[in-house]
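Heads up, the thing below is written out as structure tokens.
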Ligand SMILES: Nc1ncnc2c1ncn2[C@@H]1O[C@H](COP(=O)(O)OP(=O)(O)OP(=O)(O)O)[C@@H](O)[C@H]1O
Ligand SMILES: [Mg+2]
């Protein structure tokens, strides 16, 4: 059986299932479309993936801590509308800090309800998803916003700029990924998040400040959304008041594809990066092959479900559950 | 009548490996109908693994299983049960949200038409089994509302739903009170007289010697031999098991108590415990003895900041303190080794080292980063000190044997170098060798000046480690004994709520 062979080939290969799948996809798409593997296409996919990517980094930490964050989509709408709208009103040097603070406040509300009041994260963030969308509509009065002078503002640097020829968003994404990776693997905070996600009771019995840790994960998630909003607002130089709609699922898809367990307690930032890229390249490949968006979704989730299944199967050593 | 000399079940040359571990290395084992066969060995010797092979939870790499002389292939627990082989787990494996009855018949609920559950039948049958076990709760109750001991009873009840040929008890008494043990032993004798073969795993020699007919010893995954219980003694078994005799004498170095380190005055947290006062001095071990449910664990949790008392005062080193959280407690130098290692002690999917260093992880830094060296130094020290068996620090804590998991938790709290160390049932599931080492360790810690509280439901343990014993009953302190004037009788009286005639 496939699994036996995977296991015989060493646990290393079984664990790297997603990497193998990723490479397979890349090969298939390169054969099917000659535009797929061009530098231009690869860089543009990469750049577009950074928004979902940056948010997915924060959500990975929330999920490792044993919770969910479904509010990131409308939080992105909120932050983008805010920063774009304030750009012309008070200038980017003030608009950015105001937007970051406001977004952090939303994260703090999530963190307070879930970390300190111990409410269920699915319910809270699903509620916040609607609440924040409502806030955006009230704020914008239903109007879309944009930046009047799009060429002369230094704000364009975040979405459209480049450093040594590499697009700024890519640098921000990879830089943030590296920082988070270090936090999760080499710093006490990361260890505590893993412990709280793995067994909250035992963590409390070990003196881990569970409420504070969970609270912090939601602040981090909100911070990531704020960064993503700067990239998005600066790239588009305007914003619809529902730009972030549906991002929460894309983000969650990337996180799951990266092998982070929704039960909490395990996961990896670097593998989320892989999940983000894989998701982006699958969708891009399908677009190049002329497939509509619903086919993209179908394929994406089929891939995720198979990935999860193989992961579970590798853990229990067989494809089907032994107990009926 | 079955011929009592053909084994009901045989295991031959069983080999089972896990990455980095050869858990079983060619083990032979058999059970005859109507006998109690005890399986002994140190923590991590492979007892549970052998029984999981038997019950179809693991597939052996080599070797074969024979039932009634016929080789069989057992690929999952349901098949095993169908063959009459039932395993009662070392760790509880119940679904807490379901009723006792649903747990007892999990996976084989009685049905009526169209797959609907026949609830009447289910409850009737379950209650009949619980009655046979002399349980004082009904099958309708939700498992989460039962005490650990009663949950254990549900686990045992599961085994009685089929006509069992072989029943395996993996450390069934670890969380039972003495009264409940008596019931359990009755059941075992009952099964035995019906011709069922029993495998009994325990670290308690007294139980092994009262119950068993034969004893098989494993060591490091290898078969060491089988003894007839009537023809051997504890010392011989221990030597086979750990390769040396045990020194059971009490450390008699003249106790040298320092100042009062912990003082508790009139602490109450109704209805769990009320008006509790006691002191612990530097260099002293105070044992808390009582029945399960006497409120001892709750006192410990209160001192560790996990419960808020209604009233009362706590003094550490003469200073009145408020302990509002575990962080406060740790800051004041209090350590608590909790009662339930799986739920409160360990993050099971985290590795051994990370579990051990968790309470102080924010202090083990080189600059802002975790210091690998500092973490490993702690782990290595306590792995050696407690003889924790694991292939490496990277091993997931969840796959260690039960006893080795317990040692990780103990190591975690010893490494905090506490001023007051509270241990709640510290040797639950720990083998005799390590047990006496842990007792010795607690004594050593005391002689180094630590104030130690030992909560235990095992009388020999309390008597061996304590300088003073606080006897509790229903949330109240009944009496305090100096170790020199305590007798087993007076202790039993005190924890059963019988007021001894107060000495003048
Ligand atoms: N699923 C697993 N993966 C890896 N190693 C395992 C697994 N299960 C058991 N082991 C290892 O196999 C060895 C035997 O474990 P086992 O649980 O059988 O010991 P035991 O004799 O029951 O000990 P105890 O008295 O502490 O319960 C241990 O070293 C343990 O770490
Ligand atoms: Mg065991």
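Residue numbers (our numbering), protein chains in the order written: chain V, 1 to 324; chain D, 1 to 504. Where is the CB? At the ideal position from N, CA and C, for every residue including glycine.
Span of the beta strand (DSSP E), counted from its first residue to its last, around residue i
| i | result |
| --- | --- |
| residue 208 of chain V | Taken as a continuous stretch (DSSP letters only), residue 208 of chain V belongs to no beta strand (DSSP E), as it is neither H nor E. |
| residue 169 of chain D | 166-170 |
| residue 278 of chain V | Residue 278 of chain V -> not in any beta strand (DSSP E); alpha helix (DSSP H) instead, spanning 269-288. |
| residue 269 of chain D | 260-269 |
| residue 336 of chain D | 334-337 |
| residue 482 of chain D | 476-482 |
| residue 468 of chain D | 468-473 |
| residue 493 of chain D | Residue 493 of chain D -> not in any beta strand (DSSP E); alpha helix (DSSP H) instead, spanning 488-495. |
| residue 38 of chain D | 36-40 |
| residue 423 of chain D | 420-424 |
| residue 10 of chain D | 9-18 |
Classification of residue i by the beta-carbon crowding that lies within 10 angstroms, buried from 16 upward
| i | result |
| --- | --- |
| residue 164 of chain V | exposed |
| residue 200 of chain V | buried |
| residue 404 of chain D | buried |
| residue 345 of chain D | buried |
| residue 18 of chain D | exposed |
| residue 488 of chain D | exposed |
| residue 509 of chain D | With chain D covering only 1 through 504, there is no way to say anything about residue 509 of chain D. |
| residue 32 of chain V | exposed |
| residue 482 of chain D | exposed |
| residue 407 of chain D | buried |
| residue 259 of chain D | exposed |
| residue 24 of chain V | exposed |
| residue 58 of chain D | buried |
| residue 179 of chain V | exposed |
| residue 245 of chain D | exposed |
| residue 392 of chain D | exposed |
| residue 485 of chain D | exposed |
| residue 309 of chain V | exposed |
| residue 491 of chain D | buried |
Expected contact under 8 Å - CB spacing of residue i and residue j to nearest Å
| i | j | result |
| --- | --- | --- |
| residue 223 of chain V | residue 104 of chain V | 6 Å |
| residue 133 of chain D | residue 167 of chain D | Not confirmed; about 13 Å, so no contact. |
| residue 274 of chain V | residue 22 of chain V | 6 Å |
| residue 378 of chain D | residue 415 of chain D | 5 Å |
| residue 62 of chain V | residue 68 of chain V | 7 Å |
| residue 426 of chain D | residue 454 of chain D | 7 Å |
| residue 211 of chain D | residue 185 of chain D | 6 Å |
| residue 55 of chain D | residue 33 of chain D | Wrong, their Cβ atoms sit about 18 Å apart, outside the cutoff. |
| residue 151 of chain V | residue 161 of chain V | About 12 Å separates the two Cβ atoms, so there is no contact after all. |
| residue 40 of chain D | residue 208 of chain D | 7 Å |
| residue 162 of chain D | residue 100 of chain D | The pair is not a contact, with the Cβ atoms about 17 Å apart (cut-off 8 Å). |
| residue 272 of chain V | residue 173 of chain V | At roughly 11 Å, the Cβ-Cβ gap does not stay under 8 Å, so residue 272 of chain V and residue 173 of chain V are not in contact. |
Proximity test, Cβ basis, 7 Å: residue i and chain A
| i | result |
| --- | --- |
| residue 417 of chain D | Among the chains of the structure shown, chain A does not appear; the protein chains present are V and D. |
heavy atom of ligand 4 below 6 Å from residue i C-beta
| i | result |
| --- | --- |
| residue 175 of chain D | Questions concerning ligand 4 fall outside what the structure shown contains, since the ligands it does hold are ligand 1 and ligand 2. |
Range of the contiguous alpha helix (DSSP H) that encloses residue i
| i | result |
| --- | --- |
| residue 455 of chain D | Residue 455 of chain D -> not in any alpha helix (DSSP H); beta strand (DSSP E) instead, spanning 451-456. |
| residue 357 of chain D | 352-357 |
| residue 28 of chain D | Here residue 28 of chain D belongs to no alpha helix (DSSP H); instead the beta strand (DSSP E) covers 21-31. |
| residue 386 of chain D | 372-386 |
| residue 115 of chain V | Looking at the DSSP string, residue 115 of chain V is not in any alpha helix (DSSP H), and its letter there is neither H nor E. |
| residue 189 of chain V | 188-198 |
| residue 329 of chain D | 326-331 |
| residue 412 of chain D | 402-414 |
Original post:
Unbroken alpha helix (DSSP H) runs of length 4 or more, entirely within the segment 278-320 of chain D: which are they?
Top reply: Those alpha helix (DSSP H) runs which fall completely within the segment 278-320 of chain D and span 4+ residues are 296-303.
**OP:** Using a Cβ-Cβ cut-off of less than 8 Å, list which residues of the segment 180-204 of chain V approach chain D; keep chain order.
**Re:** Those would be 182, 186, 187, 188, 191, 192, 194, 195, 198, 199, 201, 202, 203, 204, in chain order.
Original post:
Taking a cut of 7 Å between CB atoms, which residues from the segment 262-276 of chain V lie near chain D?
Top reply: For the segment 262-276 of chain V, the residues whose beta carbon sits under 7 Å from a beta carbon of chain D are, in order, 265, 266.
Original post:
Which ranges does the beta strand (DSSP E) cover as unbroken runs of at least 3 residues, wholly within the segment 150-221 of chain D, from first to last along the chain?
Top reply: Within the segment 150-221 of chain D, the complete beta strand (DSSP E) runs of at least 3 residues are 166-170, 197-201, 214-219.
Subject >> 4 or more residues per run - each alpha helix (DSSP H) lying fully within the segment 30-83 of chain V >> reply: The segment 30-83 of chain V contains, as complete alpha helix (DSSP H) runs of 4+ residues, the segments 39-64 (chain order).
**OP:** With 8 Å as the limit, tell me which residues of the segment 64-91 of chain V have their beta carbon closer than that to any beta carbon of chain D; keep them in chain order.
**Re:** Per Cβ criterion, the list is empty.
Original post:
Going along the segment 326-353 of chain D in order, which residues come within less than 8 Å of chain V, judged by CB to CB distance?
Top reply: Within the segment 326-353 of chain D, the residues whose Cβ lies closer than 8 Å to some Cβ of chain V are 326, 327, 329, 330, 336, 338, 343, 344, 345, 346, 347, 348, 349, 350, listed in chain order.
Subject >> Residues in the segment 85-96 of chain D having any Cβ partner in chain V nearer than 9 Å >> reply: Against chain V - using a Cβ distance shorter than 9 Å - the segment 85-96 of chain D contributes no residues.
Original post:
Enumerated in chain order, which unbroken segments of the alpha helix (DSSP H) with a length of 4 residues or greater are wholly contained in the segment 213-272 of chain V?
Top reply: Within the segment 213-272 of chain V, the alpha helix (DSSP H) runs of at least 4 residues that lie entirely inside it are, in chain order, 247-257.
**OP:** Starting from the N-terminal side, write out each stretch of the alpha helix (DSSP H) that is 4 residues or longer and does not extend beyond the segment 55-136 of chain D.
**Re:** Every alpha helix (DSSP H) of 4 residues or more that sits fully in the segment 55-136 of chain D is shown, in chain order, as 77-82, 100-104, 119-132.
Subject >> Against chain D: residues of the segment 203-221 of chain V by CB proximity under 9 Å >> reply: So the close ones are 203, 204, 205, 206, 207, 208, 209.
**OP:** Check distances from the C-beta atoms of the segment 353-364 of chain D to those of chain V and list, in chain order, the residues that come in under 9 Å.
**Re:** Hits within the stretch, in order: 354, 355, 357, 358, 359, 360, 361, 362, 363, 364.
**OP:** Determine which residues of the segment 366-389 of chain D have a Cβ less than 7 Å from any Cβ of chain V, and write them out in chain order.
**Re:** Per Cβ criterion, the list reads 368, 369, 370.
Original post:
Just by C-beta distance, which residues in the segment 305-319 of chain D are closer than 8 Å to chain V?
Top reply: For the segment 305-319 of chain D, residues whose beta-carbon sits nearer than 8 Å to a beta-carbon of chain V comprise 306.
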